[in-house]
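Colleague: Let me give you the structure first, and then I'll get to my questions.
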């Protein structure tokens, strides 16, 4: 795997990990989004809640409502684990 491929997989893994964290804490995520005056403020608050970079919170806003339910969360976790396996021992951990 070349460095560009690895970087792409690492970014995808970070996105999936962020989404999984948000799904696991969806009540808090919805409350933050509902209370925030705008998307920028919501992203900032979500970044603090999930302990991630604000840019990664953009993925949360791209989700459709149906994505917030059980089986999809399991698929995200499985896909993230597949990427961790591809990246090897030094893959970013949740």
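Residue numbers (our numbering): 1113 to 1206.
Just so it is clear, CB atoms sit at the ideal spot from N, CA and C, and this is done for glycine as well.
How far does the alpha helix (DSSP H) with residue 1126 in it reach, from first residue to last?
Modeller: Within the chain shown, residue 1126 is the residue found at index 14, counting from 1. Taken as a continuous stretch (DSSP letters only), the alpha helix (DSSP H) holding residue 1126 covers 1115-1136.
Colleague: Spatial neighbours of residue 1190 within its chain, please: CB distance less than 8 Å, with the 5 preceding and 5 following residues excluded, ordered by chain position.
Modeller: What you label residue 1190 is simply residue 78 of the chain shown in a count that begins at 1. So the list is empty, once near-sequence residues are dropped.
Colleague: My guess is that residue 1175 and residue 1131 are in contact by the Cβ rule of under 8 Å, so how many angstroms apart are they, rounded?
Modeller: Residue mapping note: residue 1175 aligns to position 63 of the chain shown, counting from 1. Residue mapping note: residue 1131 aligns to position 19 of the chain shown, counting from 1. The Cβ separation is near 7 Å, so the contact holds.
Colleague: If you follow the alpha helix (DSSP H) that residue 1156 is in, where does it begin and where does it stop?
Modeller: Against the chain shown, residue 1156 aligns to sequence position 44. Run containing residue 1156: 1151-1162, per the alpha helix (DSSP H) assignment.
Colleague: Tell whether a beta-carbon distance below 7 Å holds between residue 1171 and residue 1127.
Modeller: By 1-based counting over the chain shown, the position of residue 1171 is 59. By 1-based counting over the chain shown, the position of residue 1127 is 15. Result yes, Cβ atoms of residue 1171 and residue 1127 sit closer than 7 Å.
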